[in-house]
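Asker: Here it is, the structure, as structure tokens.
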Amino acid sequence: MNSTSLFYLCILWIGLTTMSCVKQQSLYDPDDKTQDKGQAREVISETDFLYPFINETPEKQIEITIRLQPGKPLAGLTANMPALKYNKKWLFMLTQDDCKPAAFSRTWAAIHGKPISDRYYYDVAQLYEGDLPPDAYFLGKTLGSTDGTGREVRFSFTTTLAPEWDYMNATTNVFKGFTENYYRFFLKSGLIWGNVREMLNYGVGIAFHDMKMDNSTSQDLVTHFEKSQEIILNKLSGRGCKMLAEPGGDKAYLEAAQNYPLISTLTAQAGALKVYPFKEGLDIDHTPIERAFYDRPAQVEQRITQTLASDTYTKLPAIYIGVHNTDIGWVDLLKWINDSYGKDGDDSVWFPNQEEYYEYTYYRNRSLIKLEQQDATTWKLTLTLTAGSYFYYPSVTVNVAGLQLEDIASVESNETVTGLSYANYGEGLMLNIDCRKYLAEHAEHFVERYEKNRSDASAKADATYFVSMLKESAQKDALNKRIK
Numbered sequence: 001m002n003s004t005s006l007f008y009l010c011i012l013w014i015g016l017t018t019m020s021c022v023k024q025q026s027l028y029d030p031d032d033k034t035q036d037k038g039q040a041r042e043v044i045s046e047t048d049f050l051y052p053f054i055n056e057t058p059e060k061q062i063e064i065t066i067r068l069q070p071g072k073p074l075a076g077l078t079a080n081m082p083a084l085k086y087n088k089k090w091l092f093m094l095t096q097d098d099c100k101p102a103a104f105s106r107t108w109a110a111i112h113g114k115p116i117s118d119r120y121y122y123d124v125a126q127l128y129e130g131d132l133p134p135d136a137y138f139l140g141k142t143l144g145s146t147d148g149t150g151r152e153v154r155f156s157f158t159t160t161l162a163p164e165w166d167y168m169n170a171t172t173n174v175f176k177g178f179t180e181n182y183y184r185f186f187l188k189s190g191l192i193w194g195n196v197r198e199m200l201n202y203g204v205g206i207a208f209h210d211m212k213m214d215n216s217t218s219q220d221l222v223t224h225f226e227k228s229q230e231i232i233l234n235k236l237s238g239r240g241c242k243m244l245a246e247p248g249g250d251k252a253y254l255e256a257a258q259n260y261p262l263i264s265t266l267t268a269q270a271g272a273l274k275v276y277p278f279k280e281g282l283d284i285d286h287t288p289i290e291r292a293f294y295d296r297p298a299q300v301e302q303r304i305t306q307t308l309a310s311d312t313y314t315k316l317p318a319i320y321i322g323v324h325n326t327d328i329g330w331v332d333l334l335k336w337i338n339d340s341y342g343k344d345g346d347d348s349v350w351f352p353n354q355e356e357y358y359e360y361t362y363y364r365n366r367s368l369i370k371l372e373q374q375d376a377t378t379w380k381l382t383l384t385l386t387a388g389s390y391f392y393y394p395s396v397t398v399n400v401a402g403l404q405l406e407d408i409a410s411v412e413s414n415e416t417v418t419g420l421s422y423a424n425y426g427e428g429l430m431l432n433i434d435c436r437k438y439l440a441e442h443a444e445h446f447v448e449r450y451e452k453n454r455s456d457a458s459a460k461a462d463a464t465y466f467v468s469m470l471k472e473s474a475q476k477d478a479l480n481k482r483i484k
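Residues 1 to 484 (the UniProt record's numbering) make up the sequence shown, in order.
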């Protein structure tokens, strides 16, 4: 054997003895025997749970009984669904294209109070094992609005996926405490599936974007949509994709989507519908809606300030932006929106992902609200939400005109309603209704995370946040006690 061959054999032996085999491990487990061995581990980033989207029921039969205070009979009450959830005054949306790693370690991280790095990136396995970039820092708070009753509603956004590309299957190198180099935090080719699954747990939306093909003919695109959908359903445990973000102005994608009905909501840069949320009869089903790209976050700030200079909110267009990579400047923009128009500002903005906004307008246009008087002091509200394909946000706001909080003795709901909050709004009562079937189980998972590491302030904030979504019940009380 010559000296060159011997050299490469030595290098191979060193690599095999310093890197464990690739494995899929359970995060959040303090007794995991693979940890703290003083060597790097290559793992498949995975979450300890994922909301069971595949088991969500497509039709929600909502029943809410409102009992009035004795001696306060009311007549002529009416109910309607406002143009924007939580009765917000204006709509902001953001879609992050090209399946960027920054969607997880910057955009999502900033919104949910996780560590942020200016130079590096990290995966979910590194995050929950505390293996973080050397310059990681925290904003010290989460970013969002309220639901009008005091409950936090964090901002959301859409990330595009690239299911046909192998880089989404990339592994993660975990080596907590190793400081000789930081190669493990270098930029990957794109998002990995484990990071996407974790973002889904927090309500982030997903979209098709580029397909892996040379010529984007309509029929070939449909075939690739079908292939990509199959991969997504497999990787995300039955969670499907119904949104398309047009890539690079390629209109062939929009044309192909017309022949793939599972894509029901779309966004494009030009030739698309400019959304005015308060416009009577607005329907965006299977209709591309307009977004705009900006070179600098300061331009978005200027656009928001100029748009909101109008005193007539009902005439405002939605502000919808597209981004690619998000650096600290974009993080600062999100914080500015929170501080100016979110829960730490005037609380006027609704900042959902496009999937959620689409579903809300879909339900608003197609659901019949009934409010019937049962007796002198009892009113019953009924509402049916019938979902389309791959609907995952069965949550609406209903306003009851002529009713105030001080008139009410109690508000009761059926089992379909898992989250419920209410407060006065103008001359009426606002009801925020959530019907996600597994909302309580989902909240408990976050409580369990916190119980495994009670020194983690972010984990406590998450547990509190998800439990607060639940309607009042003995189960909610028990979960809150576990957090305290």
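In this text, a Cβ means the ideal position worked out from N, Cα and C, and glycines have one as well.
Return the chain-ordered ranges of every alpha helix (DSSP H) run that is complete within the segment 178-233 and spans a minimum of 4 residues.
Answerer: Complete alpha helix (DSSP H) runs here, min 4: 193-201.
Asker: Mark tyrosine 465 as exposed unless 16 or more other C-beta atoms lie within 10 angstroms of its C-beta, in which case mark it buried.
Answerer: Result: buried.
Asker: What three-state label does DSSP hand isoleucine 62 in the structure shown?
Answerer: In the structure shown, isoleucine 62 sits in a strand (DSSP, three-state: E or B).
Asker: Please name the residue in Ser340, Leu381, Thr418, Ala440 whose C-alpha comes closest to that of asparagine 80.
Answerer: That would be Leu381, whose Cα lies nearest to the Cα of asparagine 80.
Asker: Within the continuous alpha helix (DSSP H) that includes valine 447, where are the two ends?
Answerer: Looking at the DSSP string, the run of the alpha helix (DSSP H) that includes valine 447 is 439-452.
Asker: Within this structure, are the beta carbons of glutamine 354 and threonine 267 separated by less than 8 angstroms?
Answerer: It is a contact, given that the beta carbons lie within the stated cut-off.
Asker: In whole angstroms, what is the alpha-carbon distance linking proline 133 and serine 367?
Answerer: Going from the Cα of proline 133 to the Cα of serine 367 covers about 48 angstroms.
Asker: I want to check one thing, is the minimum distance from the CB of leucine 371 to the heavy atoms of the ligand HEM below 7 angstroms?
Answerer: The ligand content of the structure shown is nil, which means the ligand HEM is not present either.
Asker: So, for isoleucine 14: in the same chain, excluding its five sequence neighbours on each side, which residues have a beta-carbon less than 8 angstroms away from its beta-carbon?
Answerer: With a pLDDT of 38 at isoleucine 14, under the threshold of 50, the modelled position of this residue cannot be trusted, and the question is left open.
Asker: What beta strand (DSSP E) runs, 3 residues minimum, are completely inside the segment 330-394?
Answerer: 369-375, 378-386, all fully within the segment 330-394.
Asker: Could you tell me if serine 69 is buried or exposed, where buried requires 16 or more neighbouring beta carbons within 10 angstroms of its beta carbon?
Answerer: At residue 69 the sequence reads glutamine, which differs from the serine that was named. Exposed, by the Cβ-count rule.
Asker: Give the DSSP-derived three-state secondary structure of alanine 102 in the structure shown.
Answerer: Residue state, collapsed to three classes: helix.
Asker: Return the Cβ separation of leucine 77 and glycine 402 in integer angstroms, given the expectation that the two are a contact with Cβ distance under 8 angstroms.
Answerer: Right, the Cβ-Cβ distance comes to about 5 angstroms (below 8 angstroms), so this counts as a contact.
Asker: For phenylalanine 293, which residues does DSSP report across the bridge?
Answerer: Beta-bridge pairing links phenylalanine 293 to Gly322.
Asker: Report the residue from Ser145, Tyr202, Trp108, Tyr183 whose alpha carbon sits nearest the alpha carbon of alanine 463.
Answerer: Nearest C-alpha to alanine 463: Tyr202.
Asker: Looking only at C-alpha atoms, which of Leu254, Leu262, Phe138 sits nearest to proline 288?
Answerer: It is Leu254 whose Cα lies nearest to the Cα of proline 288.
Asker: Tell me the residue span of the beta strand (DSSP E) that contains glutamate 42.
Answerer: Its beta strand (DSSP E) spans residues 41-44.
Asker: Only counting runs of 4 or more residues, tell me where the alpha helix (DSSP H) segments fall wholly within the segment 241-311, in order along the chain.
Answerer: Segments of the alpha helix (DSSP H) lying fully in the segment 241-311: 251-257, 297-307.
Asker: Is it a yes or a no for the segment 307-318 touching the segment 267-287, going by three-plus beta-carbon pairs under 8 angstroms?
Answerer: Verdict: yes, contact present.
Asker: Where glycine 140 and glycine 345 are concerned, what is the direct C-alpha to C-alpha distance, given to the nearest angstrom?
Answerer: If you take the alpha carbons of glycine 140 and glycine 345, they lie about 16 angstroms apart.
Asker: Spatial neighbours of cysteine 21 within its chain, please: CB distance less than 6 angstroms, with the 5 preceding and 5 following residues excluded, ordered by chain position.
Answerer: Confidence in cysteine 21 is poor, its pLDDT being 42 and thus under 50, which makes the residue's placement too unreliable to answer from.
Asker: First and last residue of the beta strand (DSSP E) that includes residue 504?
Answerer: Examination of residue 504 is not possible in this model, given that the chain is present from 1 through 484 alone.
Asker: Counting along the chain, where does the beta strand (DSSP E) carrying leucine 420 start and finish?
Answerer: Counting along the chain, the beta strand (DSSP E) containing leucine 420 begins and ends at 419-425.
Asker: Compute the Euclidean distance between the alpha carbons of tryptophan 90 and valine 174, then round it to the nearest angstrom.
Answerer: Each residue's alpha carbon lies about 42 angstroms from the other.
Asker: So, helix, strand or coil for threonine 416, using DSSP?
Answerer: Note: threonine 416 maps to coil in three-state DSSP.
Asker: Do the segment 216-228 and the segment 172-189 make contact, defined as three or more Cβ pairs closer than 8 angstroms?
Answerer: No: fewer than three Cβ pairs fall under 8 angstroms.
Asker: Looking at arginine 239: is its Cβ nearer than 8 angstroms to the Cβ of isoleucine 44?
Answerer: Taking 8 angstroms as the Cβ cut-off, arginine 239 and isoleucine 44 do not qualify as a contacting pair.
Asker: With a Cβ-Cβ cutoff of 8 angstroms, do glycine 322 and aspartate 97 count as a contact?
Answerer: Contact: yes.
Asker: DSSP state of serine 468, grouped into three classes?
Answerer: Here serine 468 sits in helix by DSSP.
Asker: For arginine 151, which of Leu429, Tyr422, Lys484 has the nearest alpha-carbon?
Answerer: Arginine 151 has its Cα closest to that of Tyr422, out of Leu429, Tyr422, Lys484.
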